[in-house]
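Just so we're aligned, residue 1 is where the sequence shown starts under UniProt numbering, counting upward by one.
Built from N, CA and C at the ideal position, the CB exists for glycine as well.
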Amino acid sequence: MSHTHSFHVSKSSVHLKWDNSLPPALTVDSGTEISFDLLDGGYNQFTSTSTASDVPNFNLALGDPAIGPVYVNGAEPGDVLKVEFLNLKTADFGWTAVFPSSLGFGLLHDEFPDPALKIWDLKTHASEGYTEFKSGIHIPIHPFLGVVGIAREQAGEFSTIPPYETGGNIDCRHITVGSTLYLPVKVRGALFSCGDGHAAQGDGEVCGTAIECQMKASVRLTVEKGKSWVTSPHYRTTGEHSVNQARLTGNGEYAVLGIDPDLREASRKALRGAIDWLVGEKGLTREEAYMLCSVCADLRIAEIVDMPNYAVSCGVPLSIFVGET
């Protein structure tokens, strides 16, 4: 039977490690709807008045906090936890940062030694569905959660920063309102947690951050049996709520191909080329171009079979440049 009673988990139930010995913040039946108050992916270390001078003081050890866990009655190892995303509401501001290269964070971290920070206004144009990067560049708001996961089978503490077969920091922008995520249960109760709200992100999150923001989230958690094929995160989207590619790419895109025998280096070449184009054609600084790519450009594997070289494209949707033909 499905239960639709309302339950809430506050941001005080925060943790920075996946650990199957954590006591549940809440215990619910299968089919329950739950709301969460979520910290941003930086543990709310930046405010709406923060500047680039605050970035070196950022404590990376506080990255990707999760809220929970929630124990789901009836969930047993071998089952699947079905996560339906019902509502995602962003805060009034968000941020995108380039961290100092010494942290090794970001696809081109070695080429961006200096910190940078962009504070986004997520309120003024929210009803119109976008936020302004700078005059003439609009980014569609498309909320999703970077961290969605359940406890691992192994005992001990595991960082919330990387993704796992049980979910975690998967940073998949396609899993949004209307989408359904399926996670393989490894421990009794599943122990579900979530966090790391994003207002927008490009595939790849290339500078290491999206539009990071605090968020209010509502999900429905349901235990499903007999789906042995779910051994890693699976997800389903609907046409109504999935990323609106027509809106993003209705004017086409400008894309750069990176070619290299190493897939990561091919990705770096593609991204570097897109940055160069944004600097040369659109007048952005390199730091601005790097952050812009992280919140709207998509990295795609264009070719992976014609060895020894791989081809990766980095595409920038042209519809973000308003007032241009």
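> Would you call residue 98 buried or exposed, if buried means 16 or more other Cβ atoms sit within 10 Å of its Cβ?
Replying inline: Classification of residue 98: buried, given that the 10 Å Cβ count is 16 or more.
Exercise. Which partner residues of residue 220 appear in the DSSP bridge assignment?
Worked result: Residue 220 is bridged by DSSP to 33 and 84.
**Asked** Tell me which same chain residues have a C-beta within less than 7 Å of the C-beta of residue 119, skipping the five on either side of it?
**Response** 48, 50, 93 and 95.
Check: If you draw a straight line from the alpha carbon of residue 268 to that of residue 133, how long is it in whole angstroms?
Finding: Separation of residue 268 and residue 133 (C-alpha to C-alpha, rounded to the nearest whole angstrom) is 23 Å.
| query | Alpha carbon to alpha carbon, how far is residue 56 from residue 45? | reply | Residue 56 and residue 45 have their C-alpha atoms roughly 12 Å apart.
Could you spell out where the alpha helix (DSSP H) holding residue 277 opens and where it closes?
-> According to the DSSP assignment, residue 277 belongs to the alpha helix (DSSP H) that extends over 263-282.
- Do three or more CB pairs link the segment 194-209 to the segment 297-308 at distances below 8 Å? Touching, yes, given that three or more Cβ pairs across the two stretches are closer than 8 Å.
Quiz prompt | Neighbourhood of residue 11 by C-beta, 7 Å cutoff - its chain only, sequence neighbours within 5 removed | solution = Result list for residue 11: 37, 38, 39 and 67, in chain order.
For residue 168, tell me which candidate among 177, 150 and 154 has the shortest Cα-Cα distance. Of 177, 150 and 154, the residue nearest in Cα terms is 150.
- Message: Does residue 141 come out as helix, strand or coil in the three-state DSSP assignment?
- Response: In the structure shown, residue 141 falls within a coil segment according to DSSP collapsed to helix, strand and coil.
(request) Measure the Cβ-Cβ separation of residue 72 and residue 221 and say whether it is below 8 Å. (result) Cβ atoms of residue 72 and residue 221: closer than 8 Å.
Any chain D beta carbon closer than 8 Å to residue 227: In summary, chain D is missing from the structure at hand, where a single protein chain is found.
How about the segment 80-92 and the segment 172-179: do they share at least three Cβ pairs that are nearer than 8 Å?
The segment 80-92 makes contact with the segment 172-179: 3 or more CB pairs, one atom from each, lie closer than 8 Å.
**Message:** Please identify the residue among 314, 60 and 121 whose C-alpha is closest to the C-alpha of residue 213.
**Reply:** Looking at the Cα atoms, 121 is the closest of the given residues.
Just checking my contact of residue 188 with residue 75 at CB under 8 Å: how many whole Å lie between their CB atoms?
-> Right, the Cβ-Cβ distance comes to about 7 Å (below 8 Å), so this counts as a contact.
*Looking only at its own chain, which residues have a Cβ that is under 7 Å from the Cβ of residue 159, when we skip the five neighbours before and after it?*
Within the same chain, and ignoring the five residues on either side of residue 159 in sequence, the residues whose Cβ sits closer than 7 Å to its Cβ are 17.
Quick one: what's residue 132 bridged to in DSSP? Listed as beta-bridge partners of residue 132 by DSSP are 138.
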